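In this note's numbering, the protein residues as written are -19 to 397.
Notes to accompany the following structure.
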Amino acid sequence: MIRAPQMPEEAIRARAREATAAAFPDLADYGHALFGATPRDTAGGDELDRARIVPPVFMPRRLERMFDLGREPLPADALLATEIGGFTSPLPVFLCAFGSTQVAGRGLGVDASEQAGRLGIPMVIGENVVPMHGYGRTADEPRPEDGLLGRIRAYADAVPDGSGGVVVQQSTEDADAEVWNLVYSDPFATRLLNSGRLAFELKVGQGAKPGLGGMTVMSRDRAAAVSEQYAMDEAFGRDTGKVLRCSSPGTFTEEILRQQVHLMRNNYPRARVWVKLHPGRDVGHAAEVAWAAGADAVTVDGAEGGTGWAPSVFLEQVGLPLAECLRRVGKHDAGLLVSGRVWEGSRALKCLAMGATAVGLGRAALIAVDEDAADGLVRLVRCLELELRLLLSALGKYDIHELTEDDLWFPNREEPQ
């Protein structure tokens, strides 16, 4: 069983078991208990946790929707479908990148891929999968069951026609392995490519360790097998059986980022182009550079983003919180995708109200699949979907694109006059 100490793990597992029922108090308490808000320490959590969703009294959009329907509108009438980085999705939700970390192995990555396909939401496959686990074509690869092709197949076999899409990240080491070339020319990816549901994502950084490349812990024997591709560090001491494997973070300037996007457009003209940014202080400017160069979507991890392994000082002290990233990027017509401790409807809605096009499920998705390999992620997303519909309807809005920051209240922030 995997653990995620910084997440409300038990609540996520409950959703993976109970689906929409977990959006409410314990059913056994109905008729026996009186419910109300739980007192909260307003200093706890991050800024998004402390923000409140604030419905107005007067709701002209509800009146308009009533005229359209010929009856009073209900939460089920809320429209949640959207475009995510060039893909059609029934919900403003995507599956975050799971790379080569051991936590996503043991079949969890493949199970999550299959369920994301059934849901019809886009899925990102993280960096370093091919160098570490193999592409998945042959049985003599390091871990063919966790290979890149296995995740793509699981998704493609389950996804409905016309919905979703697969996004493949590439790191410096992946580039050496020509990962994008392998996928772009693979006959199995043809269905996705022909239907416009394949994208490549340039990874500039991630929220859990801004400015660093991927890190995993390896046995000495396994490390020896990939030592020509990765840097190894004796961080745990030479008397242990473990070695720290470090990926190159890559080097970026404005011009390098522009040229990389242009190169992706030129070399893979039928694939969408995504760019993933870490929560740097210039994240707003970096997003503008990527969009201007032709990126279909920019993904921003807040500092709350998760990972399989990182230095503790980075987890606690490095990078901008997600709310500040959203504030610095601002509203934009292009696709802005965000992630960082998203697991339920209120945090998702707050991100959307602050300008995001969609939110990503990372650790929450893995916990849900760990709880139930067949349907855990599907149930988790169905619960989040119900909450989004209820919240959107409570705001008197019936299209997810109508959300604005006026729908939120932040404690200790001066209200505009």
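Note that CB positions come from ideal geometry on N, CA and C, so glycine has one too.
Because the structure is a prediction, the values reported are computed rather than measured.
- Item | Pair within 9 Å by beta-carbon distance, G286 and M(-13) | Yes, Cβ-Cβ distance for G286 and M(-13) is below 9 Å.
- Query: Rounded to a whole number of angstroms, what is the C-alpha to C-alpha distance between K377 and A61?
  - Reply: Whole-angstrom Cα-Cα distance: 14 Å.
- Would you grab the beta carbon distance between G325 and L375 for me? Rounded to a whole angstrom, and I think it's under 8 Å. Between G325 and L375 a beta carbon distance of about 12 Å is seen, past the 8 Å cut, so the two are scored as non-contacting.
- Item | Closest residue to A333 among R41, P5, P72 and P(-15) (Cα-Cα distance) | Closest option to A333, Cα to Cα, is P72.
- Y210 vs V159 beta-carbon contact at 9 Å: No, these two residues do not count as a Cβ contact at 9 Å.
- Message: In this structure, how does DSSP classify D387 when only helix, strand and coil are distinguished?
- Response: In the structure shown, D387 sits in a helix (DSSP, three-state: H, G or I).
- Query: Just the Cα atoms here: how many angstroms apart are E(-10) and R252?
  - Reply: A straight-line Cα-Cα distance of about 37 Å links E(-10) and R252.
- Query: Which of helix, strand or coil does DSSP assign to E121?
  - Reply: Bear in mind that the predicted position of E121 carries a pLDDT of just 46, short of 50, making it unreliable; the figure below should be weighed with that in mind. If DSSP states are grouped into helix, strand and coil, E121 belongs with coil.
- Leaving out the 5 sequence neighbours to the left and right, which residues in its chain are closer than 8 Å to G142 when beta-carbon positions are compared? Cβ within range, chain order: T68 and S175.
- Query: So what does DSSP say about G356, is it helix, strand or coil?
  - Reply: Here G356 sits in helix by DSSP.
- Within 9 Å, strictly: CB atoms of L128 and I101: No; because the gap between Cβ atoms is not below 9 Å, this pair is not in contact.
- Message: Nearest by alpha-carbon distance to R41: which of N392, V146, F390 and E382 is it?
- Response: R41 has its Cα closest to that of E382, out of N392, V146, F390 and E382.
- Task: Take C305 as the anchor and find which of C331, S292 and P291 has the nearest alpha-carbon.
- Result: For the residues C331, S292 and P291, the minimum Cα distance to C305 belongs to C331.
- Item | Buried/exposed call for Q297, threshold 16 Cβ in 10 Å | With fewer than 16 Cβ atoms within 10 Å of its Cβ, Q297 is classed as exposed.
- Neighbourhood of R177 by C-beta, 7 Å cutoff - its chain only, sequence neighbours within 5 removed: Within the same chain, F67, G144, G145 and V146 come within 7 Å of R177 by CB-CB distance, once the 5 residues on both sides are set aside.
- For L375, which three-state DSSP category applies? Judged by DSSP in its simplified three-state form, L375 adopts coil rather than helix or strand.
- Query: What is the residue span of the alpha helix (DSSP H) that V349 lies within?
  - Reply: Per DSSP, the continuous alpha helix (DSSP H) segment holding V349 begins and ends at R343 to E351.
- Message: Between A3, R98, L49 and R393, which has its C-alpha nearest A354's C-alpha?
- Response: Cα-wise, what sits closest to A354 is R98.
- Query: What three-state label does DSSP hand A(-1) in the structure shown?
  - Reply: The answer is helix: DSSP assigns A(-1) an H, G or I state.
- Message: Is the beta carbon of G342 closer than 9 Å to that of V318?
- Response: Contact flag unset, no.
- Item | Candidates E94, L372, F4 and P35, of which the one nearest L346 by Cα | Checked all of E94, L372, F4 and P35; the closest Cα to L346 is E94.
- Query: Cα-Cα, which of D379, E385, D387 and A138 is closest to L59?
  - Reply: With respect to the C-alpha of L59, the residue from D379, E385, D387 and A138 having the closest C-alpha is D379.
- Item | Cβ-Cβ distance between K183 and G230 below 9 Å | The answer is yes: Cβ separation under 9 Å.
- Could you give the distance in angstroms between the alpha-carbon of M(-19) and the alpha-carbon of D48? Between the alpha carbons of M(-19) and D48 lies a gap of roughly 49 Å.
- Message: For D166 and R131, what's the separation of their Cα atoms in angstroms?
- Response: The C-alpha of D166 lies about 14 Å from the C-alpha of R131.
- My guess is that P291 and K189 are in contact by the Cβ rule of under 8 Å, so how many angstroms apart are they, rounded? Confirmed, Cβ separation roughly 7 Å.
- Item | Identity of the residues DSSP links to V148 by a beta bridge | Per DSSP, I105 and F180.
- Task: For the alpha helix (DSSP H) holding D213, just list the boundary residues, first then last.
- Result: Following the DSSP letters along the chain, one finds D213 in no alpha helix (DSSP H) but inside the beta strand (DSSP E) bounded by residues A211 to D213.
- Task: Might you give, ordered along the chain, the residues of its own chain that have their beta carbon closer than 7 Å to the beta carbon of V34, omitting 5 neighbours on each side?
- Result: So the qualifying residues of the chain are D387, L388 and W389.
- I think L366 touches A3, with their Cβ atoms under 8 Å apart; what is that distance to the nearest whole Å? With 8 Å as the limit, L366 and A3 qualify as a contact, their Cβ atoms being about 6 Å apart.
- Could you tell me which of G221, A338, A303 and A92 sits nearest to A277, measuring between CA atoms? Distances from the CA of A277 to each of G221, A338, A303 and A92 were compared; the closest alpha carbon is that of A338.
- Can you give the Cα-Cα distance for A169 and G50, rounded to whole angstroms? Each residue's alpha carbon lies about 45 Å from the other.
- Item | Residue nearest to A336 in terms of C-alpha spacing, selected from V358, D313 and A56 | Scanning V358, D313 and A56 for the CA closest to the CA of A336 turns up D313.
- Message: With a threshold of 7 Å on Cβ separation, who are the neighbours of F15 within its own chain once the five nearest residues in sequence on each side are excluded?
- Response: The beta carbon of F15 is closer than 7 Å to those of P5 in its chain, skipping five residues each way along the sequence.
- Item | Reference A138, options E153, F38 and V358, closest by Cα | The residue from E153, F38 and V358 with its alpha-carbon nearest to that of A138 is V358.
- According to the Cβ coordinates, are V223 and D213 closer than 9 Å? Yes, the Cβ-Cβ distance between V223 and D213 is below 9 Å.
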